[in-house]
Each structure stands twice: as C-alpha cells, then as structure tokens.
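Sequence order for the protein chains is F and C. Under UniProt numbering, read the first sequence as residues 1 to 470, first letter to last. Under UniProt numbering, read the second sequence as residues 1 to 411, first letter to last. The block underneath contains the structure these notes are about, expressed in structure tokens.
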Amino acid sequence: MTYTVTRAGQPLPAGLPYDVTVIGAGVVGAAIARELARYRVRTALVEASDDIGNGTSKANTAILHTGFDAVPGSLEARLVREGQRRLTAYAVETGIPVERVGALLVAWDEEQLAALPALLAKAEANGYHAARLLDAARLAELEPHLGPGALGALEIPDESVICPWTTPLAFATQALLAGVHLHLDCRVTGIESSQDIHTLTTTRGPLRTRQLINAAGLHADAIDRLLGHDAFTVTPRRGQLIVYDKLARDLVHHILLPVPTAAGKGVLVAPTVFGNVLLGPTAEDLDDKAATESTEDGLALLREKGRRILPRLIDEEITAVYAGLRAATGHEDYRIKEYPDRRYIAVGGIRSTGLTASMAIAGHVTALLDRTGLDLGAPAELPPLTMPGLGEVSDRPYLNAGLIARDPAYGTVVCHCERVTAGEIRDALDSVLPPRSAEGLARRTRAGNGRCQGFHCGAGLRALIEGTRT
Amino acid sequence: MTRRERTVDVLVVGAGPAGLGAAAALAASGTRVEVLEREQSAGGIPRHCHHGGFGSRRGGSGSGDVSGPDYALRCTAAAERAGATLRTGITVTGWAGPRTLDATGPGGLERITARAVVLATGARERPRSARLVPGTRPTGVYTTGELQQAVHLHHQHIGTRAVVVGDEPVSHAAADTLRIAGVEVAALVTGHPATALAALRRRPGAPVLSRTTVTGLTGRARLTGVTVRHHDGRTTTLRCDTVVFTGDWIPDHELARRGAVDLDPGTRGPAHDASYRTGEQGVFAVGNLLHGVESAGTAAAEGRAVAAPVLRHLAGGPWPVGQVTLAVAAPLTWIAPNLIGPDGDRPLNNRFVLRTERRLTAPMLVVRQNGRLLHRQRMLLPARPGHPFHLSADWLDRADPRGDTVRISVR
Numbered sequence: 001m002t003y004t005v006t007r008a009g010q011p012l013p014a015g016l017p018y019d020v021t022v023i024g025a026g027v028v029g030a031a032i033a034r035e036l037a038r039y040r041v042r043t044a045l046v047e048a049s050d051d052i053g054n055g056t057s058k059a060n061t062a063i064l065h066t067g068f069d070a071v072p073g074s075l076e077a078r079l080v081r082e083g084q085r086r087l088t089a090y091a092v093e094t095g096i097p098v099e100r101v102g103a104l105l106v107a108w109d110e111e112q113l114a115a116l117p118a119l120l121a122k123a124e125a126n127g128y129h130a131a132r133l134l135d136a137a138r139l140a141e142l143e144p145h146l147g148p149g150a151l152g153a154l155e156i157p158d159e160s161v162i163c164p165w166t167t168p169l170a171f172a173t174q175a176l177l178a179g180v181h182l183h184l185d186c187r188v189t190g191i192e193s194s195q196d197i198h199t200l201t202t203t204r205g206p207l208r209t210r211q212l213i214n215a216a217g218l219h220a221d222a223i224d225r226l227l228g229h230d231a232f233t234v235t236p237r238r239g240q241l242i243v244y245d246k247l248a249r250d251l252v253h254h255i256l257l258p259v260p261t262a263a264g265k266g267v268l269v270a271p272t273v274f275g276n277v278l279l280g281p282t283a284e285d286l287d288d289k290a291a292t293e294s295t296e297d298g299l300a301l302l303r304e305k306g307r308r309i310l311p312r313l314i315d316e317e318i319t320a321v322y323a324g325l326r327a328a329t330g331h332e333d334y335r336i337k338e339y340p341d342r343r344y345i346a347v348g349g350i351r352s353t354g355l356t357a358s359m360a361i362a363g364h365v366t367a368l369l370d371r372t373g374l375d376l377g378a379p380a381e382l383p384p385l386t387m388p389g390l391g392e393v394s395d396r397p398y399l400n401a402g403l404i405a406r407d408p409a410y411g412t413v414v415c416h417c418e419r420v421t422a423g424e425i426r427d428a429l430d431s432v433l434p435p436r437s438a439e440g441l442a443r444r445t446r447a448g449n450g451r452c453q454g455f456h457c458g459a460g461l462r463a464l465i466e467g468t469r470t
Numbered sequence: 001m002t003r004r005e006r007t008v009d010v011l012v013v014g015a016g017p018a019g020l021g022a023a024a025a026l027a028a029s030g031t032r033v034e035v036l037e038r039e040q041s042a043g044g045i046p047r048h049c050h051h052g053g054f055g056s057r058r059g060g061s062g063s064g065d066v067s068g069p070d071y072a073l074r075c076t077a078a079a080e081r082a083g084a085t086l087r088t089g090i091t092v093t094g095w096a097g098p099r100t101l102d103a104t105g106p107g108g109l110e111r112i113t114a115r116a117v118v119l120a121t122g123a124r125e126r127p128r129s130a131r132l133v134p135g136t137r138p139t140g141v142y143t144t145g146e147l148q149q150a151v152h153l154h155h156q157h158i159g160t161r162a163v164v165v166g167d168e169p170v171s172h173a174a175a176d177t178l179r180i181a182g183v184e185v186a187a188l189v190t191g192h193p194a195t196a197l198a199a200l201r202r203r204p205g206a207p208v209l210s211r212t213t214v215t216g217l218t219g220r221a222r223l224t225g226v227t228v229r230h231h232d233g234r235t236t237t238l239r240c241d242t243v244v245f246t247g248d249w250i251p252d253h254e255l256a257r258r259g260a261v262d263l264d265p266g267t268r269g270p271a272h273d274a275s276y277r278t279g280e281q282g283v284f285a286v287g288n289l290l291h292g293v294e295s296a297g298t299a300a301a302e303g304r305a306v307a308a309p310v311l312r313h314l315a316g317g318p319w320p321v322g323q324v325t326l327a328v329a330a331p332l333t334w335i336a337p338n339l340i341g342p343d344g345d346r347p348l349n350n351r352f353v354l355r356t357e358r359r360l361t362a363p364m365l366v367v368r369q370n371g372r373l374l375h376r377q378r379m380l381l382p383a384r385p386g387h388p389f390h391l392s393a394d395w396l397d398r399a400d401p402r403g404d405t406v407r408i409s410v411r
C-alpha cells in the first residue's frame, strides 16, 4: 500500500487539480479529510508545519466534553454533543485512549454554590440529563484531597479525558490509507480563484483545487482574507498548563472544574490519560499567533490556584510545562460558513471544544459541500484502523506477556519514565505518518515525555530518530 | 502467557556503583544475589562521565584517578567476579507484595520474591520544566545526564555556544563535556554568591555569573538565548543555542514510593537508618536514591556497607519500628542517614552527610533532642550549596532511642 505524504524539498504532484483541498492538518482539518476520504473525490490536506496536529491541537486540556455548559441552541452546542458521541465510539473502535473520569464543578463560596442549579438547568437545556448536585460531604468523599472550603459541586459523570495526539493522528492516518494526499511544510501564501479552479500559492509551489476548505485554526482569518473576505478575526488566547508527576495521580479522581465566571472557564485540575495530573489553563488574549511561551506570572497564577484546589499537588514534582493558543473570535460560537459561488467553506473560531466536536464538524462541513456544488456520491467504508495503546489504563506493551513472547522488542524498555519499548518506537518510525522529530515521536509513543525529560533516554531517542546510532 | 515466578535471597534494583557494591559484597559472603538493571549495560551514571576523579575516594573500588567509564567497568567486574547475577535490560515495573517485584524484559514478564530487597535506583537532575523556568520550548535544552550521553555515548552534534545553569562540580563537568563537543561555554549562571576560591578552582574561559537567576528561554525552533536577572534587578539576555541545567538532584524514588516506602522530606529519598533500613521490613536503600547526589565512591561504599545489615536480616535479625527521626532546620536542606536505629549502628565513616541551600561560613552545627543539647560542632571550612559536609556521629549514644525527633540546626 502506498500513501502520499510529501515534505519540504519534494515536488507537489502535477496534473489534475484536486476536487477538495483542506488547509490545516489540525484535529479539525484531519477530521474533515478523513470524512472526505469516504467519497470518490481527490482530496488534499495541506499543512504549514512539518507534522499534523502541530498547533492548537497538540497543546490543550485534552478533555472530551459533554457540552453541558455550551450556549443552548448554538452550532457549537449541537456539534459538541454530536461530536462527543461520535468520537467516543471512534475511540473504542480505534483504540484512542479515553477515560470517563467525570467532572465536578466545585463551588468554593456561597455565590458559586448558588450558581450551580442554573448550570444544572443549562445542562438539561443542552440535552444532558445525567448531571446532579452534590453536597459538601459527598464531594469530600469523592475527592478527599480537595482544599478546605469546598461547599458543594455539580457532577457531570460523562466528562472524559482523551489523548489529544492520537486523535488527529488516527484521523490523518485513516485519511491517508483511504487515498487522501498530505502535503506538509506547505504554507499557503496566496489564492487565485478563476471560474472553477482555485490556485493556491504555497511555499512548495502552486496547488490547484476545485473546492477549498479553510481549517487553518489560528490562521483561518488570514486564509479567509486571501479570498477577499473580512468576516472574522482570530485572537489567540493563550493557555499555560503544568503537568504534574504520575505519583500525584492518586490525589484526584475527577476533572475538577471551577464554576465559570465572566472571565472565562477558569483553571481546572484534571487527570490525563497518560496518568499525570494537569493544572491550567490560564486565559490571556494576545496578538502574537506564535506566542506559545510560558511566563513567570502565568505559572505563579496556576500554582496559586492549584494550591487552593488541591494543596498537596503543589508539593509534587512537575513533569512538563506548556502553553497552547486557542482560536477565539470574540463571537460565542463556531464560525462555519459556506460560500457556494466561491466553492469555499470557512471553518473558523473552533475554540477549546474543537477536539470534542471534530468529527461532527467534519460531518457538518462535508454536508455543506453539496451546497457549494460538489456531488460527493455515496460514502464507502473506511479501512479499519488500530492505534497504539498509549493510555495508562490501556494494555501497554511492557505489560503484555503474549506480545513480548512474539516480539521481544516489546519487552525492551527505552523510555523508563513512560515505559515505552523499542518495539513501539520502531512501529512509530515505520508508521504511515512517521515522526521526524523528538517531539513528533513523543506525541506518537509518549517516549521522552516523562519526569526526567530526557535525562535518561533523550540522547538515545534522538539517535533512533536520526539513525545516527553508534 | 503469564509471569515467570521465582525467588532469590537478595534482589538489588539498579546496577550503578551502589547496587554493584552491594551485590559484590553480598555475593562474596556466599549469598544468592541478583541485580536488575533497566539500562542495556551496567555501571550507572559513571558510564557517561568521561572526566577523571573516580575511584580515588576513601575505600573506593581500586585506587587512583580513573575515568567514569573505567570505574563503571570496575564496579561491574567486581560484582560479577564475586558471583552476583547481573541482568541488564530488565525494568522493575512495580510491587506485587512486600518483597515481591514485577519486572519486564525481552524474555518476558517476571515476578521475583526476595528475602531482602536493596533499592539502588539512583538520582536524576531536575529538568527545566521541574524548575519552572518559563519561556519557549526550543531544542537545545539539556540536563548534564542527557548532554553526557549525547556527547560520549552517541557522539551527537550539540551546538555552538552554551550557557550552563549551576556552579557545582557537576556544572563544571557539564562545561568540560561541552568543550569536548566543540561548544563554546558562554557562562555558568548561579543564584549563589561568588566563592572566594572560585578563581583558583576554575580554568580560564567561562565566567561565572553569581547571584543571577535564569528567568526564561527564548527561540522558537532552536534556543536563541537565556534571559537572566541579577540580584540588583538588572536583566540580560545571554545569546546561546544550548543550555544545560545541572545539579538540583532528585532521587529516582518512583519504585520506593510505589512500594509505600516512607520518604524523608529533605532528601526525597527513602527515610533510612545507618544500616540502610527503610520503613518497610526487608527493604534496604543505598546510594544516590537516598540523598540526591553524592560521589560515585560514596554510593559504592554505601553499597558495600549494606551487606552486613542485609546478612543480619537474612539471619533473622529484628526489623526496627518507630525509629527516631533526624530533622534539619533551614538553611540546611537534608541529612542522611535520617533515622536513628535502635541498635547503635553507626553511619558510614561515623559521620552524617548534610547539605545547605546557601553558603555558610564556619557554621556551628547544633544537635538537640527534646530541647536537650546533644552535640555542638564548629566547622572549619565554609559549607557550600551542592557540596556535602559532615556531622560527626559521636553523639549518637547520648540520643534517646525512644525520644522525640533529633533536630539539627546551624548557628
């Protein structure tokens, strides 16, 4: 089986124009490409960076939302609700790590406590009926390490945590298996549109396509402007996060959410599917779409909030610090709009719920294509896919006696902190969409993501990637 | 397919100087010892410390000034010669019982029960993230451990100009490794004041920026600089494409914690007495797992010294409970050993090891229990962060083995 993945230095395929081109290989763009892969259309997925899921999709809170707190009646509310169902099923089918840990919206004062019934009503209005109110005693039973002063909570039993890296990787891999072309290192810098063809100017040469879907995330407004629109502006909202050691995992059993205020959703504490504990995010509106640095103030704020929520967490070792940018548009809904005469669909303002909603967004956008003059025909089955079990509660290879007996490489632990084996690293390097960097390998295997951050295995992992083993 | 279950007399986890020292001494006494090492070769951290100075410590393996890799080979050979079973590429993944460990290797899964377990899992340097240094996440950021492996084991390209964070022995080892790799060392940065002896200790080249803290990293794909703040509030960006975070050691205590072994709050390693007994019956701990980082020679000596108490335990000796704790007051950060055994056992070389978080000029160490003065000791030399200093154990027989915590402070 051959797949078409091109990178910097390689030519873009010449010849016939693509039927559809999706700009942006984040979780939304990859989901759309996967959806299109079900039809007999020639599809390209173009991405400015050197890997899929390399922007907002790689750095977020990794929560699979129920959508209980969405704006009732909004497009986002519908797509989050539908996306949660679709992604949950897809995760079971493909092995994307998901843990249904549930969420608790914790009230820390009387005002917040008084706000909970309205949030319960909002959840009901969003078609979510499993939420319920908990008193302080029940809350303390569920989360014994919570800081003093918690008065009660709203429980959302279906909120889950998911692997943010395996999800877009699964979408992109399945799309590639079904014939979609992926062009990496391919930034779109200009668009010329004629009667029935768009010609994209890219950093790797021209690319022709009949239909265009803009899923460029933080840069969706810039792509939109290349087509002469001025419909929305994406303001990057930075979220800094701290990842605590796996030894802290027993301190928390649910996603601990603050009661939302006008200032945003606030700082949460959540387990991760890799067995760590996440604290964050901050919410800072910026101008710079590359400002993914953490700051002294941001980290101090997180530690101050974290100390209140889960005091013992702050004494635990920190594994990682990162910052992600969500695509805010100053408009409380997704900005998905089709332009039939332009054979173009803009998919903008996909905020923090984008991971959850991704599959539903893909379905919605694909349905809109009909209105832009593309007859997709009947869908076909996609080739089945099984992703590596990266979740801490998955059947990790280092614990799988049968697997090791068949292939001893799965018994050779290379990354000690994350217990990643030589077999898994080999599989990632041989995969449909292999990593080209230590960071890319980490997102596919967890290798190098642990508490030592490379003290023990960093040099060895780099040797494996670069093939410079000595 | 299931786990292969076995029993041994003594199971040692970790084949660095401490674990190998323990294995050599125990095997020499005729005990059945098995050592499990998760790396592909035994020897521990010295494997990639290409500087000299190993093996010259009191009671070290062999005599004279040898390099780290040679020292690692000597430690390994000594354990093998004594008859210990060394198994590399085997990772201990958890506990299945009080002295029963689960392990994974290319040969499959095992469950090994021992009459005594010796934890010798060592230590690592806190990476940039754990130190909460803000900024971007570019490539070119190392700990000394990763740097040394990259240069000495894998011969990888490092960069052109580096900043070293720290001014401890390990920081200078990192600077030497950088120079070997052809990297210019722009500066060593330390939050501590300059030392009077600094000019004598250092070779020419890199300046030491004292009383200076790293406030951030810059650069998108590749590091472009390190921002620093001096004690007087001035800020500067040091241009570099490589930064090495050195020292700030944390014991690799995961297995100890997962086994519910009590940790000492200062060292973050297992709380232990002078016989290296932890709070868990039959579980001993040695080497840098106990105390961030001491020299390889000290770790090896601790390993050899655990043999006698392990043999006493195998012969049915009692396991102490409710031992008296040793606690230090700031600016002291830790003391090891940090429990007082009931049987008057003496620490290695009859002295405790301590660390301080700031420089102390000729400090007076004061030992008290229940308000009662047990000991006072004036130190002749300054105590410096990142360097060990010692407290005599001569007062041990004056301590009440059923009394309160023994408190050590400085005046």
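Glycine included, every Cβ here is placed at the ideal spot set by N, Cα and C.
Using a Cβ-Cβ cut-off of 8 Å, state whether residue i counts as contacting chain C.
i: F/Thr-468; result: Low per-residue confidence applies at F/Thr-468: pLDDT is 39, beneath 50, and the placement is therefore not dependable, though the value from the model is reported in the following sentence. Taking Cβ atoms only, chain C reaches closer than 8 Å to F/Thr-468, which makes this a yes.
i: F/Ile-223; result: no
i: F/Gly-179; result: no
i: residue 506 of chain F; result: Residue 506 of chain F lies beyond the residue range present for chain F, which begins at 1 and ends at 470; the question has no answer from this structure.
i: F/Arg-462; result: yes
i: F/Thr-295; result: yes
Beta carbon of residue i, beta carbon of residue j: below 8 Å?
i: C/Gly-43; j: C/Thr-76; result: yes
i: C/Thr-91; j: C/Thr-100; result: no
i: C/Ser-171; j: C/Thr-121; result: no
i: C/Ala-307; j: C/Leu-26; result: yes
i: F/Gly-280; j: F/Lys-246; result: no
i: C/Leu-217; j: F/Leu-299; result: no
i: F/Leu-218; j: F/Ala-362; result: no
i: F/Ile-67; j: F/Ser-358; result: Rather than Ile, the amino acid found at residue 67 of chain F in this sequence is Gly. No, they are not a contact pair.
i: C/Val-228; j: C/Val-189; result: yes
Please confirm if residue i has its CB atom under 8 Å from at least one CB of chain F.
i: C/Arg-57; result: Only weak support is given to the placement of C/Arg-57: the predicted model assigns it a pLDDT of 49, under 50, and the value that follows is read from those uncertain coordinates. No, because no Cβ of chain F sits closer than 8 Å to the Cβ of C/Arg-57.
i: C/Arg-250; result: The amino acid at residue 250 of chain C is misidentified as Arg; the sequence shows Ile. For C/Ile-250, the answer is yes, since a Cβ of chain F falls inside 8 Å of its Cβ.
i: C/Val-165; result: no
i: C/Arg-124; result: yes
i: C/Arg-257; result: yes
i: C/Trp-156; result: A small fix is needed here, since residue 156 of chain C is Gln in this sequence, not Trp. Interface residue, yes.
i: C/Glu-146; result: yes
i: C/Leu-238; result: no
i: C/Ser-409; result: no
i: C/Arg-376; result: no
i: C/Pro-347; result: no
Per DSSP, residue i is paired with what?
i: C/Asp-102; result: C/Gly-94 and C/Arg-111
i: C/Met-364; result: C/Arg-378
i: F/Glu-76; result: According to DSSP, which records beta bridges pairwise, F/Glu-76 is partnered with nothing at all.
i: C/Val-283; result: C/Val-117
i: C/Trp-249; result: C/Glu-125
i: F/His-214; result: The amino acid at residue 214 of chain F is misidentified as His; the sequence shows Asn. Partner(s): F/Ile-23 and F/Ala-346.
i: C/Phe-352; result: C/Leu-391
Between residue i and chain B, is the shortest Cβ-Cβ distance under 8 Å, so that the two count as touching?
i: F/Cys-415; result: Absent from the structure: chain B. Protein chains present are F and C.
Taking residue i and residue j to be in contact with their CB atoms under 8 Å, please state how far apart those CB atoms are, rounded to whole angstroms.
i: C/Ile-335; j: C/Gly-292; result: That belief does not hold up - the Cβ atoms of C/Ile-335 and C/Gly-292 are roughly 12 Å apart, past 8 Å.
i: F/Ala-59; j: F/Thr-356; result: In fact, because the Cβ distance is near 16 Å, the residues do not count as touching under 8 Å.
i: C/Met-379; j: C/Arg-411; result: Wrong, their Cβ atoms sit about 11 Å apart, outside the cutoff.
i: C/Gly-303; j: C/Gly-317; result: About 19 Å; that fails the 8 Å criterion.
Given 8 Å as the limit, is there contact between the region 106 to 119 of chain C and the region 8 to 25 of chain C, that is, 3 or more CB pairs closer than that? The answer is yes - the region 8 to 25 of chain C touches the region 106 to 119 of chain C, with three or more Cβ pairs under 8 Å.
Does the contact criterion of 3 or more C-beta pairs under 8 Å hold for the region 295 to 310 of chain C versus the region 227 to 247 of chain C? Output reads no: the region 227 to 247 of chain C does not touch the region 295 to 310 of chain C.
For the region 14 to 29 of chain F against the region 209 to 229 of chain F, do three or more pairs of beta-carbon atoms, one drawn from each stretch, fall closer than 8 Å, so that the two count as touching? yes
Cβ pair count under 8 Å reaching 3, the region 180 to 195 of chain F against the region 120 to 134 of chain F: no
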